[in-house]
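Chemist: The structure under discussion is supplied below as structure tokens; questions concerning it will follow.
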Amino acid sequence: MDEMVNVGKCQNIPNGEGRKCTVKGEEIGIFNTGGEFFAVANRCPHEGGPLSDGILLGNEVVCPIHSRKIDLKTGRVAKEDLENKTFEVSVKNDEIFIHP
1 MDEMVNVGKC
11 QNIPNGEGRK
21 CTVKGEEIGI
31 FNTGGEFFAV
41 ANRCPHEGGP
51 LSDGILLGNE
61 VVCPIHSRKI
71 DLKTGRVAKE
81 DLENKTFEVS
91 VKNDEIFIHP
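Following our numbering, the numbering of the sequence shown begins with 1 at its first residue and continues without gaps.
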């Protein structure tokens, strides 16, 4: 099993919001969609916008720079031939863990 890295408490990321963290030198966006947590590389693959500052629409985050929609489950960018890196997330005892 891959190493798990604790990135904080669930209560620190309200429903419908994202936060950024750095794990092993990589900036990652953590998102809460209805109590389910997702993690993706925090930079949009289109032009590098900070996804943790984007707006959540269901299981997609809208990049704040050019409004590209990134699927938080797959990393796919809507209507583009681009993909963002995703990370496995686990929640244990109200703590969020990323598998980098």
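Glycine included, C-beta positions come from ideal geometry on N, C-alpha and C.
Values in this document were obtained by computation on a predicted structure and should not be read as measured data.
(1) Are the region 67-80 and the region 91-99 touching by the rule of at least three beta carbon pairs closer than 8 Å?
(2) Using alpha carbons as the reference points, say which of VAL62, LYS92, SER90 and THR86 lies closest to GLU17.
(3) What are the boundary residues of the beta strand (DSSP E) that THR74 is part of?
(4) Using CA coordinates, which residue listed in PHE31, GLU80, GLY25 and ASP71 is at the minimum distance from HIS46?
(5) By the three-class DSSP mapping on this structure, what secondary structure does SER67 have?
(6) Apart from the five residues on each side of it in sequence, which residues of its chain come closer than 7 Å, Cβ to Cβ, to SER106?
(7) Is DSSP giving CYS21 helix, strand or coil here?
Modeler: Reading from the atomic positions:
(1) Three or more beta-carbon pairs separated by less than 8 Å are not found between the region 67-80 and the region 91-99, which leaves the two stretches without contact.
(2) Nearest to GLU17 by alpha-carbon distance, out of VAL62, LYS92, SER90 and THR86, is VAL62.
(3) Segment: none, THR74 is in no beta strand (DSSP E) and carries neither H nor E.
(4) Ranking the options by Cα distance to HIS46, first place goes to GLU80.
(5) Three-state DSSP puts SER67 in coil, outside helix and strand.
(6) The chain is shown only over 1 to 100; residue 106 falls outside these bounds and no answer can be derived.
(7) In this structure, CYS21 counts as strand in the three-state DSSP scheme.
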